[in-house]
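K.L.:
FYI, the numbering for the sequence shown is 3 to 201, going by our numbering. One structure follows; several queries about it will come next.
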Amino acid sequence: MNIPRKIKKDEQGFSLPELVIVLLILSILVVLALPQIIASRRLIRFSGMQRQVVSALTDARQEAMSQRTPITFRYDDVSKQTRIYGGGFGVLGDARNRVAELADSGLEKSDLIYGRPSGAPNSALSDGSNMISLTAKMLDITFQPDGSVIDAANNPSTKAIFLYHKKYPNEMAFAVSVLGAGGRVKLWRYTKGAKIYVE
Numbered sequence: 003m004n005i006p007r008k009i010k011k012d013e014q015g016f017s018l019p020e021l022v023i024v025l026l027i028l029s030i031l032v033v034l035a036l037p038q039i040i041a042s043r044r045l046i047r048f049s050g051m052q053r054q055v056v057s058a059l060t061d062a063r064q065e066a067m068s069q070r071t072p073i074t075f076r077y078d079d080v081s082k083q084t085r086i087y088g089g090g091f092g093v094l095g096d097a098r099n100r101v102a103e104l105a106d107s108g109l110e111k112s113d114l115i116y117g118r119p120s121g122a123p124n125s126a127l128s129d130g131s132n133m134i135s136l137t138a139k140m141l142d143i144t145f146q147p148d149g150s151v152i153d154a155a156n157n158p159s160t161k162a163i164f165l166y167h168k169k170y171p172n173e174m175a176f177a178v179s180v181l182g183a184g185g186r187v188k189l190w191r192y193t194k195g196a197k198i199y200v201e
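The following block contains the structure:
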């Protein structure tokens with residue numbers, strides 16, 4: 003014969019009011035933390051896009067030196083794409099061009115702005131590079147077979163690309179410079195407090 007065992011108070015489950023209070027506290031914590039989580043995800047995506055621009059420029063330089071022919075990096079401000087063409091990548095528009103979409107993984111095309119955010123200095127970076135003006139909403143940087151970047155007069159030409167996020171301009175502004183003589187590529191991040199781009 004089975005005798006029912008008496009359940010002790012510490013073995014009982016949670017009551018309905020206790021569960022409701024716990025769920026209410028968890029909901030409040032989620033609501034408070036959600037904006038920070040979303041902002042962090044946007045920052046991570048934008049940081050990945052910065053590395054993508056640096057990587058495309060570095061790849062173009064390395065390909066120019068390995069193929070021993072001029073290779074061009076193009077930034078298209080309308081499509082928000084980078085494109086590498088020339089040499090083994092074919093002429094502009096060839097299927098062999100290496101194309102990278104900058105506005106993806108939650109980053110909208112309209113969020114990515116070419117230029118400097120309001121309040122940022124309009125001067126050259128500390129390596130002497132300054133922002134390239136867009137021509138027909140595009141810019142080209144052509145690396146020579148020795149890895150350098152030159153102008154029309156065959157002089158070394160130091161250039162920089164400046165981009166920022168429309169919704170978070172001061173927090174997510176950056177620049178990428180290319181030193182003409184050696185073609186070295188450097189990433190610069192904008193610091194809002196000091197109002198300066200730092201390497």
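Glycine included, C-beta positions come from ideal geometry on N, C-alpha and C. Note that the structure is a prediction, hence the values are computed from the model and not measured.
Straight-line CA distance for S81 to A35?
P.N.:
Counting from one through the sequence shown, the residue named residue 81 turns up at place 79. Counting from one through the sequence shown, the residue named residue 35 turns up at place 33. For S81 and A35, the gap between their C-alpha atoms comes out near 34 Å.
K.L.:
So is F16 buried or exposed if we call it buried at 16+ other beta carbons inside 10 Å?
P.N.:
Stepping through the sequence shown from its first residue, residue 16 is reached at position 14. Exposed, since its Cβ has fewer than 16 Cβ neighbours within 10 Å.
K.L.:
Span of the beta strand (DSSP E) holding Q83?
P.N.:
Stepping through the sequence shown from its first residue, residue 83 is reached at position 81. Taken as a continuous stretch (DSSP letters only), the beta strand (DSSP E) holding Q83 covers Q83 to Y87.
K.L.:
Does the Cβ of I73 have 16 or more other Cβ atoms within 10 Å, making it buried, or fewer, making it exposed?
P.N.:
Your numbering for residue 73 matches position 71 in the sequence shown. I73 comes out buried.
K.L.:
Contact between the region 183-193 and the region 133-142 is defined here as three or more beta-carbon pairs at a separation below 8 Å; is this criterion met?
P.N.:
no
K.L.:
Can you give, in chain order, each stretch of the beta strand (DSSP E) that sits fully within the region 125-157 and has at least 3 residues?
P.N.:
List check, beta strand (DSSP E) in window: 140-145.
K.L.:
Please look up how many angstroms separate the CB atoms of A58 and A102, rounded, as I've assumed it's under 8 Å.
P.N.:
Translated into the one-based positions of the sequence shown, residue 58 becomes position 56. Translated into the one-based positions of the sequence shown, residue 102 becomes position 100. At roughly 6 Å, the Cβ-Cβ gap stays under 8 Å, so A58 and A102 are in contact.
K.L.:
Beta strand (DSSP E) containing F75: first to last residue?
P.N.:
In the sequence shown, the residue the question calls residue 75 occupies position 73. First-last of the beta strand (DSSP E) with F75: I73 to D78.
K.L.:
So A66 and A122 are in contact, right, with Cβ under 8 Å, and what is the actual spacing, rounded?
P.N.:
Indexing the sequence shown from 1 puts residue 66 at position 64. Indexing the sequence shown from 1 puts residue 122 at position 120. The Cβ separation is near 31 Å, so there is no contact.
K.L.:
Just the C-alpha distance for Q64 and G149, rounded to the nearest angstrom, thanks.
P.N.:
The count along the sequence shown starts at 1 and reaches residue 64 at position 62. The count along the sequence shown starts at 1 and reaches residue 149 at position 147. Between Q64 and G149, the C-alpha separation is close to 7 Å.
K.L.:
Could you check what DSSP says for A162 in three-state terms: helix, strand or coil?
P.N.:
Residue 162 sits at position 160 when you count from the first residue of the sequence shown. Three-state result, A162: strand.
K.L.:
Does the region 112-128 come close enough to the region 161-172 to have 3 or more Cβ pairs within less than 8 Å?
P.N.:
At 8 Å Cβ cutoff, the stretches touch.
K.L.:
Excluding the five sequence neighbours on either side, which residues of its own chain have a C-beta within less than 6 Å of the C-beta of D129, listed in chain order?
P.N.:
Counting from 1 along the sequence shown, the entry for residue 129 is found at position 127. Cβ neighbours of D129 beyond the five flanking positions: S179.
K.L.:
Would you call the CB atoms of S131 and A177 closer than 9 Å?
P.N.:
Position 129 of the sequence shown, counted from the first residue, corresponds to residue 131. Position 175 of the sequence shown, counted from the first residue, corresponds to residue 177. S131 places its beta carbon less than 9 Å from that of A177.
K.L.:
Near Y87, what residues of its chain come up, given a Cβ to Cβ distance below 6 Å and the 5 sequence neighbours on each side ignored?
P.N.:
As a first step, residue 87 must be located in the sequence shown, where it is residue number 85. Within the same chain, Y87 has close Cβ partners T74, L94 and N99.
K.L.:
Drop a sphere of 10 angstroms on the beta-carbon of L25, count the other beta-carbons inside from all chains shown, and report buried for 16 or more, exposed for fewer.
P.N.:
Here residue 25 corresponds to residue number 23 of the sequence shown, with the count starting at 1. Flag for L25 reads exposed.
K.L.:
Return helix, strand or coil for E110, following the three-state DSSP convention.
P.N.:
On the sequence shown, position 108 is the one that residue 110 refers to. The answer is coil: DSSP assigns E110 none of H, G, I, E or B.
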